[in-house]
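Residue 165 in the working numbering is what sits at position 148 of the sequence shown, and the numbering runs on without skipping anything.
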Amino acid sequence: MRCLSCQKFSAKVICRDCHDRLLRPSVSTRKAGSLDVISLFGYRSVSPFILSKHHPVGYRIYRYFAREYFAPFLRDFSEGLEQEAYLIGIDEKPAGGYAHTAVLSRYAAVPGLRTLPASLIARHRVDYAGKSLQFRLENPRDFTYRGPGGIQAILIDDLVTTGSTLAEAHRLLQRSGVEVLFALVLADARY
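Here it is, written out as structure tokens:
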């Protein structure tokens with residue numbers, strides 16, 4: 018296969034040279050309501066990869082980012098946990114053959130952190146791309162949660178824009194007895 022960035026032959030979707038040269042995480046934290054949202058990249062540095070979710074190759078790209086970036090971050094974090102926690106992907110309903118958040122949470126799972134697949138699903142399919150915060154607040158996703166209470170969890174998503182989706186999911190999970198430790202996203206749209 019070829020590297021999706023430089024087109025050189027590579028065993029992975031991103032060759033080691035491009036990985037080392039182009040994909041340097043710049044970890045940042047922001048708030049979405051009362052939830053800490055940790056992003057590993059600025060959107061501008063990974064936007065072509067984020068947008069791949071609309072194409073079949075996106076599965077391989079999201080799997081790559083989960084293994085190369087989410088898993089090491091979560092492995093370091095999980096060493097300090099006293100009890101097992103869960104990874105909950107935001108709206109893991111397949112679109113176009115796969116759910117990109119399901120790919121992120123599945124391949125980011127490490128010892129001490131298990132996935133809770135398809136447990137947080139939006140009832141309303143609202144396209145937020147390019148929409149204002151006001152539009153997002155007036156048109157919530159209206160999530161349902163089908164998982165256990167009394168657990169610790171980390172929310173998983175690909176992108177934080179305004180934070181309204183993550184804040185809405187966080188409120189529902191709190192009402193369901195889930196202690197959300199933080200949200201982990203690939204990119205923050207502000208950077």
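Idealized CB from N, CA, C, for every residue including glycine. Model, not experiment: these values are computed from the prediction.
Assigned exposure category for residue i - 16 Cβ within 10 Å defines buried
i: T118; result: buried
i: N74; result: Just to set this straight, residue 74 is Val in the shown sequence, not Asn. By the 10 Å Cβ count, V74 comes out exposed.
i: Y208; result: exposed
i: L183; result: buried
i: A102; result: buried
i: F66; result: buried
i: D205; result: buried
i: A112; result: exposed
i: T46; result: exposed
DSSP-derived helix/strand/coil call for residue i
i: I67; result: helix
i: Y162; result: strand
i: L2; result: This structure leaves residue 2 out entirely; the chain is present only between 18 and 208.
i: S62; result: helix
i: V202; result: strand
i: T179; result: coil
8 Å contact criterion, which residue i and residue j should meet: CB distance rounded
i: Y145; j: A88; result: Not quite, the Cβ-Cβ distance comes to about 27 Å (not below 8 Å), so this is no contact.
i: L21; j: I78; result: 7 Å
- Task: Within the segment 89-114, note down every full beta strand (DSSP E) run reaching 3 residues or more, in order along the chain.
- Result: 102-106
- Message: If contact is defined by three or more beta carbon pairs under 8 Å, each pair taking one atom from either stretch, is the segment 166-177 in contact with the segment 33-41?
- Response: no
- Determine, using beta-carbon pairs with one atom in the segment 23-35 and one in the segment 147-166, whether at least three such pairs fall under 8 Å. no
- Query: Counting Cβ pairs, one atom from each stretch, are 3 or more of them under 8 Å apart for the segment 45-60 and the segment 129-144?
  - Reply: no
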